[in-house]
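First comes the structure, then the notes that go with it.
2 protein chains.
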Amino acid sequence: MAEALEALRARLAVIAGLDHAASVLGWDQETMMPPGGTASRARGMAAVGRVAHELGTSAEYGRLLEVAEAEVAASGADPDGDDARLAWVARRDYDRNVRLPADFVAELREAEVVGTQAWQAAREADDYAQFAPQLDRLVALQRRLADYLGYADHPYDALLDAFEPEMTTADVRRVFADLRARTVPLVRAIAANTGAVDDACLHQPFDEDAQWALARDLTERFGYDYARGRMDRSAHPFTSSFGPDDVRLTVRLQPDFFNPCFFAAAHECGHATHAQGVPERFAGTPLDGSASSGIGESQSRLWENLVARGRDFWRYYYPRVRETFPAQFGDVSEERVYRAVNKAGPSPIRVEADEVTYNLHIMLRFDLEVALIEGTLGVAE
Amino acid sequence: MAEALEALRARLAVIAGLDHAASVLGWDQETMMPPGGTASRARGMAAVGRVAHELGTSAEYGRLLEVAEAEVAASGADPDGDDARLAWVARRDYDRNVRLPADFVAELREAEVVGTQAWQAAREADDYAQFAPQLDRLVALQRRLADYLGYADHPYDALLDAFEPEMTTADVRRVFADLRARTVPLVRAIAANTGAVDDACLHQPFDEDAQWALARDLTERFGYDYARGRMDRSAHPFTSSFGPDDVRLTVRLQPDFFNPCFFAAAHECGHATHAQGVPERFAGTPLDGSASSGIGESQSRLWENLVARGRDFWRYYYPRVRETFPAQFGDVSEERVYRAVNKAGPSPIRVEADEVTYNLHIMLRFDLEVALIEGTLGVAE
Chain X
1034 MAEALEALRA
1044 RLAVIAGLDH
1054 AASVLGWDQE
1064 TMMPPGGTAS
1074 RARGMAAVGR
1084 VAHELGTSAE
1094 YGRLLEVAEA
1104 EVAASGADPD
1114 GDDARLAWVA
1124 RRDYDRNVRL
1134 PADFVAELRE
1144 AEVVGTQAWQ
1154 AAREADDYAQ
1164 FAPQLDRLVA
1174 LQRRLADYLG
1184 YADHPYDALL
1194 DAFEPEMTTA
1204 DVRRVFADLR
1214 ARTVPLVRAI
1224 AANTGAVDDA
1234 CLHQPFDEDA
1244 QWALARDLTE
1254 RFGYDYARGR
1264 MDRSAHPFTS
1274 SFGPDDVRLT
1284 VRLQPDFFNP
1294 CFFAAAHECG
1304 HATHAQGVPE
1314 RFAGTPLDGS
1324 ASSGIGESQS
1334 RLWENLVARG
1344 RDFWRYYYPR
1354 VRETFPAQFG
1364 DVSEERVYRA
1374 VNKAGPSPIR
1384 VEADEVTYNL
1394 HIMLRFDLEV
1404 ALIEGTLGVA
1414 E
Chain Y
1034 MAEALEALRA
1044 RLAVIAGLDH
1054 AASVLGWDQE
1064 TMMPPGGTAS
1074 RARGMAAVGR
1084 VAHELGTSAE
1094 YGRLLEVAEA
1104 EVAASGADPD
1114 GDDARLAWVA
1124 RRDYDRNVRL
1134 PADFVAELRE
1144 AEVVGTQAWQ
1154 AAREADDYAQ
1164 FAPQLDRLVA
1174 LQRRLADYLG
1184 YADHPYDALL
1194 DAFEPEMTTA
1204 DVRRVFADLR
1214 ARTVPLVRAI
1224 AANTGAVDDA
1234 CLHQPFDEDA
1244 QWALARDLTE
1254 RFGYDYARGR
1264 MDRSAHPFTS
1274 SFGPDDVRLT
1284 VRLQPDFFNP
1294 CFFAAAHECG
1304 HATHAQGVPE
1314 RFAGTPLDGS
1324 ASSGIGESQS
1334 RLWENLVARG
1344 RDFWRYYYPR
1354 VRETFPAQFG
1364 DVSEERVYRA
1374 VNKAGPSPIR
1384 VEADEVTYNL
1394 HIMLRFDLEV
1404 ALIEGTLGVA
1414 E
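Order-wise, the sequence lines are chains X and Y.
So the number in the numbering used here is just where the residue sits in the first sequence, counting from 1, plus 1033.
So the number in the numbering used here is just where the residue sits in the second sequence, counting from 1, plus 1033.
Shown next, in the form of structure tokens:
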């Protein structure tokens, strides 16, 4: 009888249920919520965040966790088995969360809702200045978060650990230095020769309903199950899992550029099939979800760049694309479209980038985030 | 310094935030959720319900409420003022909720999610038998709810009190007996003469996008603010408030009948403008929302039947309807359409009924619910 483990499981199920609610609130905010709804949503998100935090950091919970860990250890359970990993993840989350005051968690959740809304409005108005004060507040909160969590070496370590467990800023710098040494000369060589690939065929008017239908077809063929998901529009594409039985992806559409919708659908579909593939027995536990952002991106980029920009894929799928857009692609050969979708080069936006440029963006984003947390870069810059 | 009252307010704000989350989960289930998402949603709803219940019934909360009440009483506050009413509503909710075990609340919330999904599926398949076991379970839970809550006279009193505070089954029977004595002969007289009104003009094909646009225009003219709301489709029309800044309504569309979308929009708009009209200072408190279902329906039926079926309204608005559907209404006079939308008579569905038939439906529904709770009517019947 693993009594404490069962009690821990029950408690974790309640916390997972609150996380489910928080995920739905977040998804709704970015896809459905009317612009006026920010204040109520911020209060709702803060309440759910606060309560989940309190449940998962109470003294009683800490004791329960200890007893459950002892139970698992005494049972001689497989250290890679579900019970041992559940206890391990619960311990990691507890040790992290217990350092944060509940008021701070509520403030952070509230600021994220308000900040996201401000970002959307600023993006629509193409006015960064309007977002800058919110970003300033968010960065300040992330610095406080790092201080609460503590770190041996670099404040960004504390934040990185939440999405890339046990990796440090120094680790990432090492990996990226190596990657950068190979990528930069490659991108330079490509940039010197951008005229070599003609991608004019991708920059034409594309009917939005037809783009949508194509994205739907593509994601279905990639194995995304619409009985357990749906596709919507949002300012920036994302995937949100409310459990393996309800994983939703979003795309955005540009009326005159083929890539954003098509490759965002492929990318998000990678995240979404990953999340739909979580075994049902992990539903309602902290074992639901991706092991890390890196693992998650490995899935999205597999489908976006290795599959959907692959030669075999275009041999197979181009007839369908052509049938959807005969006026645009009728006289474009398979070879030409294959080269066009793989055209590399500097681009300001991550989503529609090829694999090489994508890497540059990831590295840049990492440098930016680290510099903002260090304070070596200001929000105004 | 009303210290306890402020502490009570803070606690109520957290509970209201959880209620916000529960409302969003419920709205999402009926409008957006993929069919596969039921299990995760049921877990999420049960968790949010359980935690809100525990927060609002703890011994510590009970003590806080007592001290806050004493503070308000000692302050000589206006008994109809915000502070006194807040304490009164908090007390009413506490006295009610404290009788319910948290496990029961979680079970009820879970059953409501599963039951709603089963109802939707059965409705789509037009197969009542498929829903019957779920209805059976829901009725059994309502009986247990009544037993937990307690009642002096009739088990339905305990349930009625939740949406029509301080009214009893006997009260409603008295009101309805009077209403029925006047309504039944009226409906009989009407039924004997159904040929007198020709409503064929309402039973024609109506383009769904055009119906939608008309409903949008109508609700805007009735004062519904889309910056703080949105309109969607659902199996049965409803309005859901997440706070005065985010109140959403739904309609359903029939391709060959004018009434369902148009009058559902008018009806739900009554609820929605009522909810959007709640003063901002009540947001995030238990004073947000309608005082009772009866008050709520007074608003929805005001707009649906007294306004949108009124002669003055059709004089004003018919040009817009005709412009939207020239083929259907081009040669239908204002007098004929006014009589058609007011055609009374037995109808199986509440939403598109005139005021008189509506009353019959409300009375029937009351009798049905009371009989199910009494057990004098079985689910199979």
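All C-beta atoms, glycine included, are put in the ideal place defined by N, C-alpha and C.
Just so you know, these numbers come straight off a predicted model, no measurement behind them.
Check, Outcome
"Range of the contiguous alpha helix (DSSP H) that encloses M1078 of chain X", "1071-1088"
"Where the region 1054-1065 of chain Y meets chain X: residues whose CB sits under 9 Å from a CB there", "A1054, A1055, S1056, V1057, L1058, W1060, D1061, T1064, M1065"
"Between the CA atoms of Y1094 of chain X and L1041 of chain X - distance to the nearest angstrom", "8 Å"
"Cut-off 6 Å between Cβ atoms - residues of its own chain near Q1244 of chain X, not counting five sequence neighbours on either side", "L1286, C1294"
"V1146 of chain X at chain Y interface by Cβ criterion, 8 Å", "no"
"Distance, D1136 of chain X Cα to T1149 of chain Y Cα", "36 Å"
"Exposure label - R1314 of chain Y; buried when at least 16 CB within 10 Å", "exposed"
"A1268 of chain Y vs V1284 of chain Y beta-carbon contact at 8 Å", "no"
"Closer than 8 Å to chain X by CB, V1081 of chain Y", "yes"
"Exposure label - R1207 of chain Y; buried when at least 16 CB within 10 Å", "exposed"
"Neighbour-count burial assignment, I1328 of chain X, 16 or more Cβ in a 10 Å radius", "exposed"
"8 Å Cβ cutoff, V1284 of chain Y in contact with chain X", "no"
"Selection from Y:K1376, Y:F1399, Y:L1401 that minimises the alpha carbon distance to P1389 of chain Y", "Sequence inspection shows Val at residue 1389 of chain Y; the Pro mentioned does not correspond to that position. Residue Y:K1376 is the option with its Cα nearest to V1389 of chain Y."
"Any C-beta of chain X under 8 Å from that of A1260 of chain Y", "yes"
"Neighbour flag for S1073 of chain X against chain Y, beta carbons, 8 Å", "yes"
"Segment contact, 8 Å Cβ cut-off, at least three pairs: the region 1055-1062 of chain Y with the region 1273-1280 of chain Y", "yes"
"Residues of its chain near R1441 of chain Y, where Cβ-Cβ distance is below 8 Å and the 5 sequence neighbours each way are ignored", "Given that chain Y is displayed from residue 1034 to residue 1414, the structure contains no residue 1441 of chain Y and the question cannot be resolved."
"Amino acids of chain Y, ordered along the chain, whose beta-carbon sits closer than 9 Å to that of L1051 of chain X", "L1051, A1054, G1077, A1080, V1081, V1084"
"Identity of the residues DSSP links to R1281 of chain Y by a beta bridge", "Y:S1273"
"C-beta neighbour in chain Y for D1345 of chain X, strict 8 Å", "no"
"Any C-beta of chain X under 8 Å from that of D1204 of chain Y", "no"
"Residue(s) in a DSSP beta bridge with R1344 of chain X", "Note: R1344 of chain X sits in no beta bridge, so no partner."
"Where the alpha helix (DSSP H) containing R1263 of chain Y begins and where it ends", "No alpha helix (DSSP H) holds R1263 of chain Y; DSSP gives it neither H nor E."
"CB-CB length for R1118 of chain Y against L1320 of chain Y, believed under 8 Å", "6 Å"
"Contact list for the region 1132-1146 of chain X against chain Y, Cβ threshold 7 Å", "none"
"First and last residue of the uninterrupted alpha helix (DSSP H) at Y1161 of chain X", "1161-1182"
"Closest by C-alpha distance to E1199 of chain Y, when choosing among Y:S1331, Y:R1353, Y:S1325, Y:L1045", "Y:S1325"
"Beta-carbon proximity check, E1356 of chain X vs H1300 of chain X, cutoff 8 Å", "no"
"Residue-chain proximity (A1046 of chain Y, chain X), Cβ-Cβ < 8 Å", "yes"
"Members of the region 1272-1303 of chain X near chain Y, C-beta cut-off 7 Å", "F1275, G1276, D1278, D1279"
"Where the alpha helix (DSSP H) containing R1206 of chain Y begins and where it ends", "1202-1224"
"Any alpha helix (DSSP H) of 4 or more consecutive residues that is wholly inside the region 1119-1161 of chain X", "1135-1158"
"Cβ-Cβ separation, Q1237 of chain Y to D1289 of chain Y (assumed contact under 8 Å), whole Å", "7 Å"
"Nearest-angstrom beta carbon gap, V1412 of chain Y and V1172 of chain Y [assumed within contact, 8 Å]", "6 Å"
"Integer Cβ distance of G1378 of chain X from T1216 of chain X, believed to fall under 8 Å", "Rounded, the Cβ-Cβ distance is 13 Å, inconsistent with contact."
"Where A1035 of chain Y falls: helix, strand or coil (DSSP)", "coil"
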